[in-house]
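In full-length UniProt numbering, the protein residues as written are 1 to 367. We put the CB at the ideal spot given by N, CA and C, even for glycine. Since the structure comes first, as structure tokens, the remarks are kept for the end.
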């Protein structure tokens with residue numbers, strides 16, 4: 001197999017799809033690996049390290065796509081990449097197609113094979129390739145949220161942990177999945193007052209036990225959400241319906257309830273966002289304001305923490321990459337049945353039920 005590793009070109013995306021160690025393993029199995037020049041620089045890997053591992057450096061994005069039949073990367077293909085994708089080429093990355101109909105239709109036209117990290121789901125509901133980036137996004141959301149609450153960033157000037165004789169900030173976390181629980185860890189450690197909401201009572205009970213009732217848990221419904229946002233300094237939305245659009249839990253009309261200068265952080269923005277006023281932003285321009293409420297909706301938070309993120313991501317992607325390049329797709333799925341959920345598009349056909357329903361596309365069952 002000829003495998004290509006492009007340099008990510010999304011705004012401030014510093015992760016890379018494959019480390020030199022991964023390249024070395026693939027070379028030992030008689031594969032050829034092309035790496036675009038400087039693809040690993042943002043994650044701390046030099047071109048020389050890839051060469052030492054047996055990879056070959058190419059000097060243009062176009063050549064990576066032209067010479068490879070399997071592409072491994074991190075984020076969805078950007079506009080310029082779409083022009084280089086070939087028919088039958090396998091693209092293994094995060095796609096988040098539920099929030100991007102235009103990209104979905106263009107990829108269908110290309111008749112490539114799109115295997116999405118985020119929809120590879122085990123029988124018990126675990127999302128192995130989403131989990132590590134959800135950890136990063138959750139932990140960093142509180143760190144970034146605290147930074148953007150500072151007055152120099154047009155926030156209210158509140159220190160989330162407070163000091164002796166002053167109040168601590170109130171953090172509202174909507175969703176107690178991987179992102180929410182990791183946000184909670186940092187928020188609790190800072191000494192903030194934390195309220196976390198979810199529809200899963202067992203999760204809420206678990207968190208109350210772990211934190212010995214030092215946090216507040218609430219069942220997530222409209223009434224409770226409206227109540228807690230009126231007290232929130234930092235409100236973090238982490239809702240996930242695997243592969244589907246996120247539901248809108250805070251509407252524009254609700255912003256009047258939130259204290260001025262507070263910050264909404266929409267970690268669900270990759271899947272369309274869970275706040276009605278959410279619009280995708282970048283690390284370069286992360287914040288905008290609506291009705292006196294600041295919004296942070298960066299679509300690739302882990303890209304800012306690339307050394308950690310790349311290692312955490314490739315720790316879990318490599319075993320799937322290895323089975324995909326060493327076997328037919330059918331054989332790979334026999335070994336790891338969860339891979340079938342990752343195949344969103346296949347040679348011009350939609351093979352994901354959620355995406356087909358969202359965009360009125362004919363659904364094709366593969367296996």
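For residue i, the first and last residue of its enclosing beta strand (DSSP E)
i	result
residue 33	32–36
residue 152	No beta strand (DSSP E) holds residue 152; DSSP gives it neither H nor E.
residue 71	70–72
DSSP three-state assignment for residue i, whether helix, strand or coil
i	result
residue 201	helix
residue 1	coil
residue 311	helix
residue 188	helix
residue 160	coil
residue 349	strand
residue 63	helix
residue 16	coil
residue 305	helix
residue 296	strand
residue 127	coil
residue 366	coil
residue 288	strand
residue 216	strand
residue 250	strand
residue 210	helix
residue 9	coil
residue 343	strand
Endpoints, the alpha helix (DSSP H) within which residue i is located
i	result
residue 131	131–148
residue 98	Segment: none, residue 98 is in no alpha helix (DSSP H) and carries neither H nor E.
Environment of residue i [buried if 16+ CB atoms lie within 10 Å]
i	result
residue 14	buried
residue 170	buried
residue 360	exposed
residue 342	buried
residue 207	buried
residue 337	exposed
residue 66	exposed
residue 273	buried
residue 157	exposed
residue 217	buried
residue 241	exposed
residue 182	buried
residue 151	exposed
residue 214	exposed
residue 79	exposed
residue 2	exposed
Identified DSSP bridge partners for residue i
i	result
residue 193	170
residue 237	174, 266
residue 56	34
residue 116	93
residue 41	Answer is none; residue 41 lacks a bridge partner.
residue 281	298
residue 275	250
How about the segment 243–258 and the segment 275–289: do they share at least three Cβ pairs that are nearer than 8 Å?
Output reads yes: the segment 275–289 touches the segment 243–258.
Determine, using beta-carbon pairs with one atom in the segment 127–144 and one in the segment 304–317, whether at least three such pairs fall under 8 Å.
With the cut-off at 8 Å, the segment 127–144 and the segment 304–317 touch.
When you compare the segment 47–58 with the segment 23–37, are there three or more beta-carbon pairs, one atom per stretch, that lie closer than 8 Å?
Yes: at least three Cβ pairs fall under 8 Å.
Any contact between the segment 137–156 and the segment 108–118? By contact I mean 3 or more CB pairs, one from each, below 8 Å.
Taking 8 Å as the limit for Cβ pairs, the verdict is that the segment 108–118 does not touch the segment 137–156.
Given 8 Å, three or more beta-carbon pairs between the segment 228–235 and the segment 322–338:
Counting Cβ pairs under 8 Å, fewer than three are found: no touch.
Three Cβ pairs or more, each shorter than 8 Å: is that satisfied between the segment 161–178 and the segment 283–303?
Here the segment 161–178 makes no contact with the segment 283–303; the two share fewer than three CB pairs at distances below 8 Å.
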